[in-house]
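*Asks:*
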Amino acid sequence: MASPAVPRNERLAAPVRALLIVTLLYLFLVGVGLLEVGISTLGAGFETRLLEQVAHPLAGLAAGILATVLVQSSSVSTATIVGLVGAGTLTLPLAVPMIMGANIGTTVTSTLAALGSLRNRENFRRAFAGATMHDMFNLLAVAVLLPLELTTGVLSRSAYWLTDILRGTDVAAPGRSPIRTAVKFPVNLIEDMVTSFGAASLFSALTLLVFGLTAIFLALATITKNMRQLVSGNIERSMNKLVGRGGGVAGIGVGLMVTVAVQSSTITTSILVPLVAAGVLTLRNAFPITLGANVGTTITALLASLAVSRPEGLAIALVHTLFNVFALLLVYPIPAIRWLPVKAASWFATKAANNRLLVIVYVAGVFVVFPLVLILTLD
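Residue numbers (my numbering): 102 to 480.
(1) For the segment 378-388 against the segment 211-224, do three or more pairs of beta-carbon atoms, one drawn from each stretch, fall closer than 8 Å, so that the two count as touching?
(2) Enumerated in chain order, which unbroken segments of the alpha helix (DSSP H) with a length of 4 residues or greater are wholly contained in the segment 393-477?
(3) Whose CA, out of S297, L423, A232, K444, lies closest to the CA of Y261?
(4) Please classify P472 as buried or exposed, where buried requires at least 16 other C-beta atoms within 10 Å of its C-beta.
(5) Taking buried to mean at least 16 other C-beta atoms within 10 Å of its own C-beta, is A316 buried or exposed?
(6) Assuming A416 contacts S257 (C-beta within less than 8 Å), just tell me the rounded distance between them.
(7) What are the boundary residues of the alpha helix (DSSP H) that includes S211?
(8) Is the beta carbon of A203 less than 8 Å from the beta carbon of G165?
(9) With a threshold of 16 other CB atoms inside 10 Å of the CB of I390, please say whether the residue is buried or exposed.
(10) Tell me the rounded alpha-carbon separation between A273 and T399.
(11) Between the C-alpha atoms of P116 and L319, what's the straight-line distance to the nearest angstrom?
(12) Using a Cβ-Cβ cut-off of 8 Å (strictly less than) and excluding sequence neighbours within five positions of R411, which residues of its own chain qualify?
(13) In three-state terms, what does DSSP make of H157?
(14) If you drop the 5 nearest sequence neighbours on each side, which residues of the same chain put their C-beta closer than 6 Å to that of L382?
(15) Can you tell me the Cβ-Cβ gap for L159 and L479, rounded? I've got them flagged as a contact below 8 Å.
(16) Which whole-angstrom value is the C-beta distance of I291 and L128, which I expect to be below 8 Å?
(17) Count the other CB atoms, across all protein chains shown, that sit within 10 Å of the CB of R227; report buried if there are 16 or more and exposed otherwise.
(18) Under a three-way DSSP split, which group does V284 fall into?
(19) Using a threshold of 8 Å, state whether the C-beta atoms of A119 and S371 are closer than that.
(20) Are P442 and M234 touching if we call contact CB-CB under 8 Å?
(21) Please classify A465 as buried or exposed, where buried requires at least 16 neighbouring CB atoms within 10 angstroms.
(22) Counting C-beta neighbours from all protein chains within 10 Å, is the total for T169 16 or more, i.e. buried, or is it exposed?
(23) How is R220 classed by DSSP in three states: helix, strand or coil?
(24) Quick check: V155 and L195, are their CB atoms within less than 8 Å of each other?
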């Protein structure tokens, strides 16, 4: 009896499929890069003025969120904050909630990346949960640590103590990330091509956004399908077992090391989205990788701040590191609290998969409307 016909896309050899996935991941990262450039073009220069004019801690939190959304990089916004504090333009007490806001704002990219799985409800549910568990963790961390900092100054006091120790330390600046360099080349090429037509900056920004979102959606839709075929059965179980080993410590280490290597938590967390969407990584195993990325992303601003003349510049960079480390230590070791962000993200993703309008309301509300209302109300 003749065996049933196998669809052509199912017959792809594993090495060919693996090469295709790597190529699509590269296209996906280029799309994320174009998205970052497009959004940062829309807010060029605005984030610095926004941060300089804040005078209330909660408005500072909102400014940190909005500024990071505008530049699409917590490293850029925290470096700006470090520079403003180092120059004496911004006080440390006001800068601390801004740093916390930057942690929330940086999660919007992976949340937008999850939209690439919209056509398949189940894939989208997993992708959106994988993206928003980062949001939920940072929101929980801010809810706990911001009131604690405002009442006790635990982060700023610890940062000043460490600053006294580190000011005499000679630390080399971080090197270039080859992955970021490889992604930046086509991004800069497309950006130059778009701006060479002499169109208004708004049109150029919108064009880059369209290119970026198109690349993300096309890449993610194909990655998810092919990843499911390539990594299945024993390989999938082995990956989850490896990452989940030691109560998630291995996953935290992976997220930390990868983010330090590529110097971008956005790259690390955005790559997790298609893996979770395809079911290759479970949410619970992707979660510690996200937390490791949260800590790893602070290294760039931390090392750069050692060149700032005023000690406050290093202190605010240390606040960023301490905030992420404290949040990790407060939440992850306690089983009763550890999975709250994952459960909240899973619940919300199920609702969002059934009603896509919730996604728009959530992204616009948390990352734009809420920060703007706080800033306009408190300043």
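Ideal Cβ placement from N, Cα and C applies to all residues, glycine included.
*Replies:* Looking at the atomic coordinates:
(1) yes
(2) 400-406, 412-432, 436-439, 441-455, 458-465
(3) L423
(4) buried
(5) buried
(6) 7 Å
(7) 209-214
(8) yes
(9) buried
(10) Note on A273: pLDDT 44, under 50, position unreliable in the model; the coordinate value appears next. Cα to Cα, the separation comes out at about 15 Å.
(11) 21 Å
(12) V186, G187, A188, G189
(13) coil
(14) L376
(15) 6 Å
(16) Not confirmed; about 12 Å, so no contact.
(17) buried
(18) helix
(19) no
(20) yes
(21) exposed
(22) buried
(23) coil
(24) yes
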